[in-house]
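One structure is given below, encoded as structure tokens.
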Amino acid sequence: MPYRISRLGTVEIRSLDLDRDLDYYVNVLGLQLTAREGRTAYLKGWDERHAYSVMLTEADRAGMVRLAFRTVDPEDLDYYENRLRQFSVKYDVIPEDYRRGRALRFTAPSGHVVELYNEMDYTGNLLPSVNPAPWPEGLKGIAPPRLDHTLVTAPEPPKAIQFFQDVLEFRVSEMLVNPEGVPIAAWLWQRPSPHDIAIVPGRAGGFHHAAFAVDSAEALFRAADILTMHKARIDYGPGRHGITRGTTIYFFDPSGNRLETFGGYTAYQMDPDCRAVKWTTDQIGPAVFYYSQELNETFLSVYT
Amino acid sequence: MLSAILRSGAKVVFGCRGGGCGTCKMRLISGRVDHGRCSAAVLSEDEKGAGSFLSCQARPLTDLTVELTATNRYRRPAEAYWVTIVRPVIPGPATPRRPCEQR
């Protein structure tokens, strides 16, 4: 089975106060502001090649508006359109969006608005495309190179997990199974990494976090320093997940949305024939927070 | 409000501290607050009218008496959340209620 999704392309996050939150996303998280149109700001990590990966939209609530996956090739969009029809999934064709081409939009059984697209303006990263340096100088804040993954909540995780597996052809890298052997949480991938999206139990449409890559232990601790210097609300970390092996800091934006710096440098790479790793619910502690070996009280109850 | 409550030594559960998640929602018994900026998804106008407020956002305008809710009254081991949230989910079709929606 070929890869048809190259990455989690965009997430649209709600902000209770766009001016305030934009200052945080640009100066503390350290994303690049690429445009602001009305109530929405468009941002991205410094190493992302397309026009944007994060949309921050002012609203009367926190949470996620939608998430979008970018397909590898334009034809993959037609392939998925056929699959959506085959599985009788209702979808809309969105002819275009800001600096983006045609997209398919549907609601997953988890209650999330999901889009698939291929075309987005290629703007390049912050480095020259000829003879580049390894990283750009003058970055602000944590300055993660890119958006990595998102974790969302679903009232019936097995149904949502199956949808992503069957219809969108994601594969499970790791899962948490209850004593009856039912997967109640799963980490799903297409890009050869531990996950592009993960699903845990919770309310329909719930937004647990969006994660940004940090590429070294030095960057992880520097991120924790920066969050603390700005009195940001750290939820957990620096630490490590048992699941995915990634290092982590969970923290909240000023509207209460959880974000993560995810240390993909400690995570493994999936191969197409890798089989899912199982975690049992009695080991939920080390599965989620490896060093403290117990779940904190916010992981499964606090999200937007 | 939340800072004052924590300074008093009371152990209460709170979440995002940004007015987004609703974990720190409490009820006024007496007094008035400025609600600050709260997500309408976790604190509706009706709830405000009935005396609920998000303690991480609210500022006191008078002396207050407040009542904690089952969600934030005590710190509980994480396993309690796990049971609360997961048990109704698997394998039944019912939508679990978030702790902050429980009364």
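From first to last, the protein sequence lines are chains A and B. Read in my numbering, the first sequence has 18 at position 18, and its numbers run on one by one without any break. One gets my numbering by counting positions in the second sequence from 1 and adding 1000 to each. Glycine included, every Cβ here is placed at the ideal spot set by N, Cα and C. Keep in mind that this is a model prediction, so the values were computed, not measured.
query                                                                                                           : result
G1018/B burial status per 10 Å Cβ neighbour count (16 or more: buried)                                          : buried
Through-space distance from R203/A to P134/A, alpha-carbon basis                                                : 42 angstroms
Minimum C-alpha distance to P254/A - residue among D76/A, T40/A, L16/A, W46/A                                   : L16/A
Cα-Cα separation between M175/A and V113/A, rounded to whole angstroms                                          : 23 angstroms
Residue interval of the beta strand (DSSP E) (run including P238/A)                                             : 233 to 240
As assigned by DSSP and simplified to three states, the class of F221/A                                         : helix
Supposed contact pair T34/A and Y42/A - C-beta distance, whole angstroms, cut 8 angstroms                       : 5 angstroms
Spatial distance of T304/A from V200/A (CA atoms)                                                               : 13 angstroms
Proximity winner among C1021/B, T1069/B, V1042/B, relative to R258/A (alpha-carbon distances)                   : C1021/B
C-beta contact flag for A223/A and I142/A at 8 angstroms                                                        : yes
Start-to-end residues for the beta strand (DSSP E) that takes in A185/A                                         : 183 to 189
Residue nearest to S1052/B in terms of C-alpha spacing, selected from T1062/B, I1005/B, L1068/B                 : L1068/B
Check whether A213/A and F251/A have beta carbons under 8 angstroms apart                                       : no
K140/A, buried or exposed, once every other Cβ within 10 Å from all chains shown has been counted against 16    : exposed
Cβ pair T150/A, V11/A closer than 8 angstroms                                                                   : yes
Chain-ordered residues of the segment 50 to 62 of chain A with a beta carbon less than 7 angstroms from chain B : D60, R61, A62
Helix, strand or coil at M1026/B according to DSSP, with G and I counted as helix                               : strand
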